[in-house]
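Visitor: The sequence shown begins at 8 in this note's numbering and counts up one residue at a time. Glycine included, each C-beta is placed from N, C-alpha and C at the ideal position. Handing you a structure now.
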Amino acid sequence: FKEARARTAFSPRIGLSFPLTEQSSMWFNAGRYTQNPLYHNVYRNSGAGTVAGPSSAGGDDFCSANSVKPGTNECHPPLIFNNPDFLGNPNLLLEQATSYEVGYSANVGRNYAVQVSVFNSDRSGLIGTRQNDAIQDIGATYNGISLPQYFIAVNQDFQTNRGISVRLDRTPGRNSVWGYNINYGWQRTTENSPPPDRQTEIANSGELTQGSTLRENTSSNDAGHSFRATLTLSYRQNNVPKIWG
Numbered sequence: 008f009k010e011a012r013a014r015t016a017f018s019p020r021i022g023l024s025f026p027l028t029e030q031s032s033m034w035f036n037a038g039r040y041t042q043n044p045l046y047h048n049v050y051r052n053s054g055a056g057t058v059a060g061p062s063s064a065g066g067d068d069f070c071s072a073n074s075v076k077p078g079t080n081e082c083h084p085p086l087i088f089n090n091p092d093f094l095g096n097p098n099l100l101l102e103q104a105t106s107y108e109v110g111y112s113a114n115v116g117r118n119y120a121v122q123v124s125v126f127n128s129d130r131s132g133l134i135g136t137r138q139n140d141a142i143q144d145i146g147a148t149y150n151g152i153s154l155p156q157y158f159i160a161v162n163q164d165f166q167t168n169r170g171i172s173v174r175l176d177r178t179p180g181r182n183s184v185w186g187y188n189i190n191y192g193w194q195r196t197t198e199n200s201p202p203p204d205r206q207t208e209i210a211n212s213g214e215l216t217q218g219s220t221l222r223e224n225t226s227s228n229d230a231g232h233s234f235r236a237t238l239t240l241s242y243r244q245n246n247v248p249k250i251w252g
């Protein structure tokens, strides 16, 4: 064990908005965003190899307390048999996303407004799993034991999200008490690999999976089409109707 490296990031943002007429405008937003990896992926099974590992907490018995090396508090984690699904990585880097959005909005008549926007987001450095490079051990060879193989969390996956949103608003006017909001959206999400937990679940269930690849496929989180509508009733203070007395 050793101290993990610090994570640093530079996340610039820019936003522009300019009017086209008195009733319409366009805007543009762009930015680079970062987020810490899930602590679940940072510390997962990181106690393997010490008596403070998973077994002492009632886990998967990767390292039992009575298998310590003489004169130390360490033990040898059995990564050959009953190995964990994957090991966490305290040196995971920040996940990054580069996003932009272009939009147009305009007032139509007295009570109506329309808004259209398109967006794109590219995420990189997402957490995936990679199999270790097994090192030849002469003692393991003569004992008939296969080389220890396990998976570890690394920054290797990527995801793309793009789509369009159309919104129509009607605000309650002076002589009207009702309004509505209609929002239609379409988006497409692709990724080169599912998240580590999902990938492990697929592998354990026997389903076919290609793991991490250089080709993007449709994500399981792909939303496709969406439609939302809201109806609003608005009354002036002196004109509120009586409901149930």
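Could you check if Thr196 is buried or exposed, using at least 16 other CB atoms within 10 Å of its CB as the buried criterion?
Guide: Against the sequence shown, residue 196 aligns to sequence position 189. Flag for Thr196 reads buried.
Visitor: Using the DSSP secondary-structure output, state which residues sit across from Gly170 in a beta bridge.
Guide: Here residue 170 corresponds to residue number 163 of the sequence shown, with the count starting at 1. Paired residues: Phe126 and Gln194.
Visitor: Going by the beta-carbon positions, is the gap between Phe93 and Ala13 smaller than 8 Å?
Guide: Locating residue 93 in the sequence shown gives position 86, counting from the first residue. Locating residue 13 in the sequence shown gives position 6, counting from the first residue. Not a contact, by the Cβ cut-off of 8 Å.
Visitor: Would you give the residue range spanned by the beta strand (DSSP E) that Val247 belongs to?
Guide: Locating residue 247 in the sequence shown gives position 240, counting from the first residue. Premise fails: Val247 is in no beta strand (DSSP E) and is neither H nor E.
Visitor: Name the two residues that bound the continuous beta strand (DSSP E) containing Asn48.
Guide: Here residue 48 corresponds to residue number 41 of the sequence shown, with the count starting at 1. Unbroken run through Asn48 is the alpha helix (DSSP H), Tyr46 to Tyr50; no beta strand (DSSP E).
Visitor: In angstroms with no decimal places, state the Cα-to-Cα distance between Glu198 and Gln122.
Guide: As a position in the sequence shown, residue 198 is number 191, starting the count at 1. As a position in the sequence shown, residue 122 is number 115, starting the count at 1. Distance between the alpha carbons of Glu198 and Gln122 is about 29 Å.
Visitor: Taking the CB atoms as reference points, tell me whether Tyr107 and Asn127 lie closer together than 8 Å.
Guide: As a first step, residue 107 must be located in the sequence shown, where it is residue number 100. As a first step, residue 127 must be located in the sequence shown, where it is residue number 120. The answer is yes: Cβ separation under 8 Å.
Visitor: Express the C-alpha separation of Glu10 and Gly192 in angstroms, rounding to a whole number.
Guide: Residue numbering aside, residue 192 sits at position 185 when the sequence shown is read from its first letter. Residue numbering aside, residue 10 sits at position 3 when the sequence shown is read from its first letter. Cα to Cα, the separation comes out at about 46 Å.
Visitor: Given this structure, state the Cα-to-Cα distance separating Asn224 from Thr167, to the nearest angstrom.
Guide: Walking along the sequence shown from the start, residue 224 turns up at place 217. Walking along the sequence shown from the start, residue 167 turns up at place 160. About 10 Å.
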